Each structure stands twice: as C-alpha cells, then as structure tokens.
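First the structure, in the form of structure tokens, and then the observations on it.
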Amino acid sequence: MFTVSGSATAAIRQIVTQPGVPEGSGLRIAVDEGPGSLSISVAPLPQPGDTVFEAGRDASLFIAEDAGDMLADKIMDARTESDGRVRFVLDSAAA
Numbered sequence: 003m004f005t006v007s008g009s010a011t012a013a014i015r016q017i018v019t020q021p022g023v024p025e026g027s028g029l030r031i032a033v034d035e036g037p038g039s040l041s042i043s044v045a046p047l048p049q050p051g052d053t054v055f056e057a058g059r060d061a062s063l064f065i066a067e068d069a070g071d072m073l074a075d076k077i078m079d080a081r082t083e084s085d086g087r088v089r090f091v092l093d094s095a096a097a
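For the sequence shown, my numbering assigns the number 3 to the initial residue and increments by one for each residue that follows.
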C-alpha cells in the first residue's frame, strides 16, 4: 500500500500553497522516459486516468495511471537539502 510520510506531506503542502500556484493544485507523479524512473511536477488538476491521493489537507498527489504499479508498497518521504531544495524519495514499505 502506498503511503506518504509526515515530512513528505508537509513538503507537498509547502510547494502547492506557494504564491502563484493555483488553488487545488497537487504534485503529479508520472513515469519518466528512463526505465523505472518517475517524475514529479506541480499540476493544477489531475489528468484523465490519474488517481488522486490525499496526503493531507492541501497536500494532494495526482498519480498517473502508469505510475501506480511502481508506487505500490512504497513510502514517499521528503528530505530537505542544504540549499533548501526538497528531494522526494521512495522506500519499500516494511512487511
């Protein structure tokens, strides 16, 4: 089962509530060009076929249909780099 850590929820909320980001926006996770690679970007609305995952208030993820299998049994976490940039990571969920 896909889960989102508290730090990832806070990071998502911080990103999508910035000035200039439309209300109701979320982070969209999609399959990237590289094998087994995912991309994440701010999206104002989910695309047709996306699954909407509510990580918390003002913290929505839009998961592309083809990315769902890659996220099954994963935990999404966020780490803040020394330069202030947020890096999202996926870890395997504990059995």
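All C-beta atoms, glycine included, are put in the ideal place defined by N, C-alpha and C.
No experiment lies behind these values; they were computed from the predicted model shown.
| Query | Result |
| --- | --- |
| Coil, strand or helix - D71 by DSSP | helix |
| Best match in R15, R59, T5, F55 for proximity to E67 [C-alpha to C-alpha] | F55 |
| Nearest to R59 (by Cα), restricted to the options E25, M3, L73, A95 | E25 |
| The beta strand (DSSP E) enclosing R30, as first and last residue numbers | 28–33 |
| Rounded C-alpha distance that separates G38 from A32 | 11 Å |
| In DSSP terms, what R89 is bridged to | R81 |
| Whether R15 touches F64 by CB criterion (7 Å) | no |
| Residues bridged to F55 [DSSP beta-bridge criterion] | L63 |
| Three-state secondary structure assigned by DSSP to T19 | coil |
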